[in-house]
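Beneath this line is the structure, given in structure tokens, with notes to follow.
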Amino acid sequence: MGRAGGLAGYRYIKENRFSFLFFTALTLAVSLIAHPNVLLYLPVFVYLIWQKLRAEPEIWRRQWPWLAAGGLIFAGLTALFYVPYLTDPEIGLVYQYFASERVGEALLYNLVWNIFVEDTLYTTYYHAPVLVALLAWLLGRHFAQWGWRGWVLLIGLSLAIISTVAAPAAWIIAKVNLAFVPYALLSLAFMALPRTSVEIKTIFLWFSLPLGALVFLAKDASNHIQIAYTGWALLAALALVDLWNYLNIADNRKTLPPSTVYRLPSTTGRYCCLPCPRRPAHPLLPVPLLRRPGDNLLAGQA
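Listed below in structure tokens is the structure:
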């Protein structure tokens, strides 16, 4: 349901069809009722709407009633469930469960290693290493926008990130775990890249916000961490298409079609997204990224 809401939100942004705001609000409300983890997706939708209003400030007067109505639908449906739930006399048991089993009582944690531990619970042991490698390729291609400064920044932050896994105790200062710092700096730098498209930045938020919250703010995220894998797999798919095209530039072999992007997550992870036709105008795919078959999918907008 969260992914359906993301699709509706994206179509609203691209097509100016206000009706998609209602569908976005409805699917988000139902998703949040199903599981509180969906709270971690809400900033992504706020970012999408903010980018829309930032790009077209003149349409604010026409759209604010629709945005307000969508917000009321979301708040109303959510309140129908959570107001009785949070006022139930037994709600204290829920707080006790989260404090002892999930969120814990500390302010910050470092559960980056849990990504690879969860990987061992399945037969696809290659899953996390493949996603990490493809994400590294994508980050390298994007940080190249800043020339040698981008490479120095990326390499420095990458070494710091590796140290949070290899020597996690080194990041505990005055009993506060600061392992989140290099990840936060990397995310902020990526969002500041001038020529990276809004679509890729949105997918990056879809991946990084849930992952960061569950890795650094939860005592035991367990398999809940997999809610970040959908966005991660999409980034990996885009990186794999770009890598394939990059390796085939020299011999001019046929490039991997952009439509492959929505088939690749099933091979790089455990999530299989909806099939996408070969036509690049399909609403599921970031249209500005699909210009011609030989174009660089990761370069963003000029």
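Just so it is clear: in the sequence shown, position 131 is 130 by numbering that gives the first Met the number 0, and no numbers are missing. All residues carry an ideal CB built from backbone N, CA and C; glycine is no exception.
Rounded separation between residue i and residue j - CA only
{"i": "W235", "j": "D87", "result": "First, the residue type needs correcting, since residue 235 is Ala and not Trp in the sequence shown. Distance between the alpha carbons of A235 and D87: 43 Å."}
{"i": "S18", "j": "G149", "result": "41 Å"}
{"i": "A168", "j": "A135", "result": "24 Å"}
{"i": "L20", "j": "L66", "result": "7 Å"}
{"i": "T26", "j": "L133", "result": "30 Å"}
{"i": "A74", "j": "L158", "result": "43 Å"}
{"i": "Y270", "j": "Y228", "result": "Residue placement at Y270 cannot be trusted, given a pLDDT of 35 that sits under 50; the coordinates are not used to answer."}
{"i": "F215", "j": "A165", "result": "16 Å"}
{"i": "I248", "j": "W49", "result": "37 Å"}
{"i": "F179", "j": "V45", "result": "23 Å"}
{"i": "D219", "j": "L213", "result": "8 Å"}
{"i": "V129", "j": "L85", "result": "41 Å"}
Residues sharing a beta bridge with residue i, DSSP
{"i": "I171", "result": "N176"}
Environment of residue i [buried if 16+ CB atoms lie within 10 Å]
{"i": "R278", "result": "Caution is warranted here: a pLDDT of 37 is assigned to R278, below 50, making its placement in the model unreliable, and no coordinate value can be reported."}
{"i": "I199", "result": "buried"}
{"i": "I114", "result": "buried"}
{"i": "Q225", "result": "buried"}
{"i": "K174", "result": "exposed"}
{"i": "G69", "result": "buried"}
{"i": "A238", "result": "buried"}
{"i": "A33", "result": "exposed"}
{"i": "F37", "result": "Reading off the sequence, residue 37 comes out as Val, not Phe. Under this definition V37 is a buried residue."}
{"i": "E117", "result": "buried"}
{"i": "G4", "result": "buried"}
{"i": "S99", "result": "exposed"}
{"i": "R140", "result": "buried"}
{"i": "Y108", "result": "buried"}
Limits of the alpha helix (DSSP H) - the one that residue i falls within
{"i": "E100", "result": "Where E100 is concerned, there is no enclosing alpha helix (DSSP H), given that its DSSP letter is neither H nor E."}
{"i": "Y81", "result": "W59 to L85"}
{"i": "Q50", "result": "L41 to A54"}
{"i": "R140", "result": "H126 to F142"}
{"i": "W205", "result": "V197 to F215"}
{"i": "V164", "result": "G146 to A165"}
{"i": "V29", "result": "S18 to A33"}
{"i": "L233", "result": "Y228 to L246"}
{"i": "A114", "result": "Correcting the residue identity first, residue 114 is Ile in this sequence and not Ala. It spans W112 to D118 - the alpha helix (DSSP H) in which I114 sits, taken as one unbroken run."}
Near the ligand ADP: residue i beta-carbon under 8 Å from a heavy atom
{"i": "T163", "result": "Among the components modelled here there is no ligand, and therefore nothing to report on the ligand ADP."}
Would you call the segment 45-60 and the segment 92-109 in contact, with 3 or more CB pairs under 8 Å?
No, they do not touch.
Using a Cβ distance threshold of 8 Å, determine whether the segment 141-158 contacts the segment 185-200, with at least three qualifying pairs required.
The segment 141-158 is in contact with the segment 185-200.
Assess contact between the segment 173-192 and the segment 203-219, defined as three or more Cβ pairs (one per stretch) separated by less than 8 Å. Is contact present?
Counting Cβ pairs under 8 Å, three or more are found: they touch.
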